[in-house]
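Student: For the sequence shown, the working numbering begins at -6 and goes up steadily by one. Here a beta-carbon is modelled for each residue, glycine too, at the ideal position from N, C-alpha and C.
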Amino acid sequence: QVQLVESGGGLVQAGGSLRLSCVASAITFSTNNFGWYRQAPGKQRERVAIISINGNTDYADSVKGRFTISRDNAKNAVDLQMNNLKPEDTAVYYCRGGGLDGKITWGQGTQVTVSS
């Protein structure tokens, strides 16, 4: 059974940093595109950052220059480094994997709370 497990969330003051990690199991990691998404209370889930099979990245305008997504195929891990966090970054962050066969897998989410 494919699993994506996120970790690294928590409470941080505005201007601080957090690093989220997503570890995949039972998946051909190297043939999956990955992304980090977030959902704040009362809002729709939105895409934060994505990284393709060959390492190309793309970011939401709201996080450009502050967040960095990376992948380590040897460790089956996708990380999201978040710097200069703002209260509006508060949300549950989800890892998403997309295989070449079209299969989509979501993690359970990790809470990020940024206090002002």
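1) Which word fits Leu4, buried or exposed, when buried means at least 16 other C-beta atoms lie within 10 angstroms of its C-beta?
2) Closest by CA to Lys79, which one among Leu(-3), Ala7, Gln(-4), Val(-2)?
3) Leaving out the 5 sequence neighbours to the left and right, which residues in its chain are closer than 7 Å to Gly100 when beta-carbon positions are compared?
4) Can you name the start and end residues of the beta strand (DSSP E) that Leu13 belongs to?
5) Would the beta-carbon of Gly1 fall within 8 Å of that of Leu13?
6) Run through the DSSP bridge pairs and tell me what Ile97 is partnered with.
7) Expressed to the nearest angstrom, what Euclidean distance is found between the alpha-carbon atoms of Ser55 and Met75?
8) Output the residue ranges of the beta strand (DSSP E) runs that lie fully inside the region 45 to 87 and measure 3 residues or longer, sorted by chain position.
Tutor: So, to answer that:
1) exposed
2) Ala7
3) Leu(-3), Val(-2), Glu(-1), Cys15, Tyr87, Cys88
4) 11 to 18
5) yes
6) Gly91
7) 12 Å
8) 50 to 52, 60 to 65, 70 to 75
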